[in-house]
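Shown next, in structure tokens, is the structure this report addresses.
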Amino acid sequence: MQSFGYRRPGTIDEALALLQEHGDAARVLAGGTDLVIELRNRWRRPKIVIDLKRIEELRPPIREVEGRLVFTALAVMSEIVADERVQLHFPALAEAADVVGSIQIRNRATLAGNICNGSPAADTAPPLLVYGAEVVIAAKNGTRRVAVDDFIIGPGKVDLQPTELVTSIEIPISATPIAAAYTRMTRRRGTDLASITLCCGVDATGTTRLAYGSVGPRALLVIDNSGVLADPAASDEAKAPVLASMFSAASPSPKSMRAGPEYRVAMLPVLGARALRTAIERQTRVP
Amino acid sequence: MKVDNIGAPAQRLGGIDRVTGHQRYVADLPIADTLHAKLVALDCAHARILSIDTSVAEKVPGVVFVMTADDLPTPMPRFGPQYQDRPVIAEGTTNYHGEPVAAVVAETKDAAEEAATLVKVEFEELPAIFTVEAALDPAAELIQDPSIRRPGPFTETNILTEYHFGWGDVDAMDADMVVEHTYAWPMQTHFAIEPHGYIAAPDGDGIIVWSSIQHPYQLQKTVATVLGMPLSKVRVIAPDPGGGFGGKQHPKLEPLVAFMAMRAGRPVRLILSLEEAFQGVRRAGTEVKVRMGLKSDGTLVFQDYVNRFLIGAYGDTGDRISAKASFLSAGPYRTPAVRIVSQAILSHTTPTHPYRGFGIPQVTWARESCLDEAAIALGIDRLEIRLHNLVRYGEEHVPGDTPADGDWAQTVRKAAEEIHWGTPLPPGQGRGIAIGVKSGPTTGLSYATVRFLADASVMVFSGTSDMGQGARTIFAQIAAEELGVSLDRVAVVMGDTAVVPYDQQTSASRSSVLMGNAVLDACRDIQRKIRAMAARLHDVEEAEITVDRGVVHLPDAELPIVDVLKAGLGRMGGEVVGNGEARKEAFPDHPLGGTALFFEFNCTACDVAVDPETGEVTILRHVTVGDVGLALNPVQVTGQDEGAAIMGIGHALMEHLILDDKGRTRNLGAIDYRIPTSLDLPGELHSFSIENADGPGPYGIKGISEGSLLCTAPAVAGAVRDATGAVVRRLPLSPENVWRAMKEKT
């Protein structure tokens, strides 16, 4: 392990002051499941690591606030998987959180970290996009709120200044619930990084929200308002061309070790149709 | 007291420590005053080293020195199990991705790692050769300078060795149908959970080397040779390895660590990362071209093979693997004419090391898949074509070699019965069956010492390495049986050349047979001494006494051996020491230098489901049947069978090293080199043993540790084809490859 400075602030304000002081030279530690590997392999050489784990304001459990489910920056995947409100309102997020790494990783890895890393293969990105989640960001001069769709920019890039800190991720509990399902393509059934991540959600108005990742620089959200996809009575043949059009922006890298671009492109509508079917089943089960 | 140890499911000696994290591996050894080493390697497959500047690295606090080729004797000491071609550290050029060019020695691991990033190597990257085609191009660069090659017809090529085996005249045979295909097997890595670890420490005028090695005595010889020391001054301590699978057979970085320890005058340790272990050892990739000629009734009339093994930059065991595996290319089938050409081809890649199966899975993949093709083309059942051509008990399958040493049809019929061969499957599912056969060791030498102590407890001394296969338990069971004591009174001492007698190696599924016979022989030596004691104590002629399995048979009484021991040793106490030996002699005229001591014979069958849209393969039911002679410990046999089957499933479905366009290994480490997890196992996995007590080991056992992965890939591929009609001839059977094959079919 390389040498680096280590600070453990007790409040968000202290953390922001440290970020203000060190800027680019600082790296924030929440779960550490990516950061520790980067440090060990010397891929990243921060002068200082700011450990958020003792900040009380970031520690409250998952809670409902003003019609939104709030995940503070320290909420870990296993908490999300086990949370009954997540299972009830956002089952696709529970499904995605449940396949991040192994059990040990899920006990440490945070939802906020999964999004802040900007990995195109982040499992939780597609459901957060489908459910219309927002990122809450604190800075010295106040707090701002950004849709996940705007927050994610590209590989390793998110809309976050070195002096800013993500304090929570929030999902609106909508009056028009979205019934969604998550699925992915991997090389094996056990712990793996996905070669496709995909979430599909439908609502009572006939809107279909489809998000997919690992097939381009960032996870993408595509919305179909035609009503064809969400229609339980529409045939697979009728849906196929609409579904295919949803994936027109996919641009899988030919350099990936996980699967070739031709295969990934061919699998998108296959996974899309499967997730759509599950979403519609869940929709019809909504009371 | 009769103790029935043979055939009992005795609990694994050391098993609880191993699974609870209490076992001490090399990396866990607390050796005082130890320095830490870190390797420096270039991020390319092949390069000319122009200069190495260690000055900045040496200024890192805690760094003791940086070792490069300049610090080693001239000429550079070279070593290897077959060819002395591997340098202690790269000199002038690097010839595979990860070959160390320097090593930092420091007071702490962190300092060594930090300094390793500061060693400045100026180099010129050279085009690397990492495919069969590129290596065989007449214009290709020579991977090895002829000066380090043995003189021969191929010295000016990248073919390390070429063998021609066979019998009959293939070209003169009259076949009704000829099937010809090429089957590819990718490079793979061993992925032992314990990465390789080494410690060396000066010891008076000698040296101690700790290594997670399978062959401690071979390491002793290598270190003695490169350091110019007598064997007696080199002590090798080999704690039980955490998995070996062949990857820990031969010395690799121990000579470098030994030189560093001698220079430092202190212990030096080097524990590899998983990534470095991947760069240290790998399995040969192969391209096997098969031509099979058959009569219309399915009778084989000829088999014709060209086997190309892509080995690494140094010979290591690549030659032996290609030769020994190719020799059995035609398998257990009666074939009038066989022609085999086998090449071991050098490349700028990690040296090929032995890997569980020793090349047999690669040739079996080709033969069994091609036999399926033939059966389907002829409209013959895939089980029937195998039974039809299978040699009978005692019949030679390779003229001049050991004949079939088991009722192999019994094994095949058992597998067919257990998979319910012939019963229908639902659409989208398919069934496959394949046969694998591998020669056990062709030569061998093992010594064992057994000490029968005054309190009737026993110590067994053996140079075998227990890397998880359970050798300790087997030897303890034999000693307990022969000396009539309970298993918990037996200690098995291994892995220290200053303590245990010589053993040639732990490989080729040989230890239960060869070392088992040596332990048995040592127990018999004790039994002879006990007989002499009994004769003295009871005033009977020795000839009238027999000693057998813990019991002394006197003309008019039977006594537990333990009672005779205690009475015989008397008040002074002491012990009775037995020495044993087991040999498999060489046959210089045999193409492999010796006949097979036994065969590992396996039949694997499975049912799969294939996702018609994604190509994902699910193994629903997997059956593996081996001819084991006798299961000395049935639980351990099942454990080895299941472990090998799962490993074989990994090879079939997902494992492959991926090289980039410059020959660098891209999927180093656990993230992108996939092996099966518990979620990837078959829905059902069943292992069965055929036991006719007809093996050359104690009580009729045969070696068993590789059988269940010899033919996994063709069985699974056959089932995938049965389910979908899609033919994959290039492993792995990844969803993408199966999907592509399904698409090409339509």
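Read top to bottom, the protein sequences are chains A and B.
So that you can map any letter, position 184 of the first sequence is 641 in this note's numbering, and since no number is skipped, the others follow by simple counting.
So that you can map any letter, position 741 of the second sequence is 729 in this note's numbering, and since no number is skipped, the others follow by simple counting.
Don't be surprised by glycine CBs; every beta carbon is placed ideally from N, CA and C.
Computed from a predicted model, the values in this text were never measured in an experiment.
The contact set of A/Gly647 on chain B, defined by CB atoms closer than 7 Å, consists of Thr665, Ser666, Leu667, Asp668 in chain order. Look at the segment 395 to 426 of chain B and you find these whole runs of alpha helix (DSSP H), each 4 residues long or longer: 396 to 406. For A/Thr620, DSSP assigns no beta-bridge partner whatsoever. A residue is called buried once 16 or more other Cβ atoms fall within 10 Å of its Cβ, and A/Asp491 is buried on that count.
Going by DSSP, A/His546 is part of no beta strand (DSSP E) but of the alpha helix (DSSP H) stretching over 541 to 546. A distance below 6 Å between beta-carbons, with the five flanking residues on each side excluded, links B/Ala570 to the following residues of its chain, in chain order: Ser434, Leu502, Asn505, Ala506. Judged by DSSP secondary structure, B/Val120 falls within the alpha helix (DSSP H) whose first and last residues are 120 to 124.
Contact between A/Gly670 and A/Ala604 does not hold, since the beta-carbon distance rounds to 16 Å and is not under 8 Å. For B/Gly154, the uninterrupted beta strand (DSSP E) segment begins and ends at 147 to 155. Every alpha helix (DSSP H) of 4 residues or more that sits fully in the segment 427 to 479 of chain B is shown, in chain order, as 459 to 471. Ranked by Cα distance from A/Arg641, the first of A/Pro709, A/Leu617, A/Glu552 is A/Glu552. Annotation: A/Met458 to B/Tyr84 spans about 26 Å, alpha carbon to alpha carbon. Any Cβ of chain A closer than 7 Å to the Cβ of B/Glu601 would place that residue at the interface, and such an atom is present. Taking the Cα positions, B/Ser284 is about 17 Å away from B/Leu378.
Below 8 Å, enough C-beta pairs join the segment 539 to 552 of chain A and the segment 579 to 595 of chain A to call them touching: three or more. When Cβ-Cβ separations below 7 Å define contact, B/Met642 makes contact with chain A.
Identification of chain A residues near B/Thr626 by a Cβ-Cβ cut-off of 9 Å yields none; the smallest Cβ-Cβ distance measures about 22 Å. According to the DSSP assignment, A/Ala596 belongs to the beta strand (DSSP E) that extends over 591 to 596. Residue contact with chain B for A/Val659: absent (no Cβ-Cβ distance below 7 Å to any residue of chain B).
By the Cβ neighbour-count rule, B/Pro255 is buried, with 16 or more other Cβ atoms within 10 Å of its own. In this model, B/Glu724 and B/Thr712 are separated by some 14 Å (Cα to Cα). Rounded to whole angstroms, the gap between the alpha carbons of B/Thr626 and B/Leu698 is 16 Å. Pairing A/Ile512 with A/Ala532 gives a Cβ-Cβ distance that is not under 7 Å.
By the criterion of at least three beta-carbon pairs nearer than 8 Å, the segment 386 to 401 of chain B is not in contact with the segment 651 to 668 of chain B. Glu102, Thr105: these are the residues of the segment 100 to 111 of chain B whose beta carbon lies less than 7 Å from some beta carbon of chain A, given in chain order. Beta bridge pairing from DSSP links B/Asn295 with B/Val276, B/Ser330. With respect to chain B, the C-beta atom of A/Ala482 has no partner C-beta closer than 7 Å. Residue state for B/Gln515 is assigned as helix, using DSSP reduced to three classes.
Below the 9 Å Cβ cutoff, chain A contributes Tyr720, Ala723, Met724 as neighbours of B/Trp727, in chain order. For A/Leu725 and A/Asn564, the gap between their C-alpha atoms comes out near 30 Å.
Straight across, the Cα-Cα distance linking B/Gly50 with B/Val14 is about 23 Å.
In this structure, the beta-carbon distance from B/Gly234 to B/Glu182 does not fall below 7 Å. Restricting attention to A/Ala530, A/Asp508, A/Val506, A/Ile505, the CA atom closest to the CA of A/Pro517 is found in A/Ala530.
Excluding the 5 residues flanking it on each side, B/Leu441 has same chain C-beta neighbours closer than 8 Å at Met447, Glu563, in chain order.
Annotation: Cβ neighbours of A/Leu650 in chain B (cutoff 7 Å, chain order): Ile659. Taking a contact to require three or more Cβ pairs closer than 8 Å, the segment 678 to 686 of chain B and the segment 573 to 581 of chain B do not qualify as touching.
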